[in-house]
Amino acid sequence: MRLLLMSDTHLPRRARELPPELLEEVPLADVVIHAGDWVDTDTLDLLESRARRVIGVYGNNDGPELRARLPEVARAELAGLRFGVVHETGSAQGRERRCSERFPDLDVLVFGHSHIPWDTTAPGGLRLLNPGSPTDRRRQPHCTYMTAVVEEGRLTDVRLHRLPPRAEEATRRPPVTRRPAPPAQ
């Protein structure tokens, strides 16, 4: 079973549309997982129209329409693995312990919010995955998403995909630094 993981798409605030590389992955996936901060319902509608199955949650930037359609926490068993999806997990420090305590019945937890890719396994075995953001890299060098495979109750082939700069990012001029005027004589 092939999975496509994304979060923090923030459309149309951070980009006009999803990157073409990401959209090409949608029909190839058996399940698309989105960990919140969609911002508009059009993105949810688009993914639901193109994907075989969408599992998603709402994030802190999602309004009433998305909150009416999506849960705060989603759970699903996929090919023998117990998955959970949430938007926010708190600070990186202590994340594995907090998530293991909050979700003792899960094998994999997909989360977002920080826009920072994350892939760790807690001491108790919980795998924590944050795919980053495909549209808003924030302080990261690239926009990102993840793919993974579930087979025979195991998560394999977890890959972080780095997207090329968007056209508007690539052509953006650096800020102009103005020199102070010379002192008057």
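39 is the number of the first residue of the sequence shown in the working numbering; add one for each residue after it. Backbone N, C-alpha and C fix where the C-beta goes; we use that ideal spot for every residue, glycine too. This one's a predicted model, so the numbers in the text were calculated from it and none came from an experiment.
> If you draw a straight line from the C-alpha of ASP145 to the C-alpha of ARG88, how long is it?
Replying inline: Near 27 Å, if we compare the C-alpha coordinates of ARG88 and ASP145.
>> For the alpha helix (DSSP H) containing GLU103, name the first residue and the last one.
In response: 102 to 107
> Secondary structure at GLU190, three-state DSSP: helix, strand or coil?
Replying inline: In this structure, GLU190 counts as coil in the three-state DSSP scheme.
>> Using only CA atoms, which one of ALA186, PRO203, LEU164 lies nearest to MET39?
In response: ALA186
> Per DSSP, what kind of secondary structure is VAL196 in: helix, strand or coil?
Replying inline: strand
>> Measuring straight from C-alpha to C-alpha, what distance separates VAL188 and PRO161?
In response: 21 Å
>> Between which residues of its own chain and THR159 is the CB-CB distance below 6 Å, once the five residues before and five after are set aside?
In response: ARG165
> On the premise that GLY122 lies in contact with ALA112, defined as a C-beta separation below 8 Å, what is that separation, rounded to the nearest angstrom?
Replying inline: The Cβ separation is near 7 Å, so the contact holds.
>> Measuring only the C-alpha atoms, how far is ALA114 from LEU167?
In response: Those two C-alpha atoms are separated by around 15 Å.
> How long is the line joining the alpha carbons of GLU55 and ARG204, rounded to whole angstroms?
Replying inline: 10 Å
>> Rounded to the nearest angstrom, what separates LEU49 and ASP78 at their Cα positions?
In response: 6 Å
> Since GLU115 sits in a beta bridge, which residues does DSSP pair it with?
Replying inline: ARG120
>> Using CA atoms only, rank isn't needed, just tell me which of GLN131, VAL148, ASP143 is closest to VAL124.
In response: VAL148
>> On a Cα-Cα basis, can you pick out the residue from CYS137, GLU190, LEU42, GLY74 that is closest to ARG107?
In response: Nearest option by C-alpha distance: GLY74.
> In this structure, does DSSP put LEU56 in helix, strand or coil?
Replying inline: The answer is coil: DSSP assigns LEU56 none of H, G, I, E or B.
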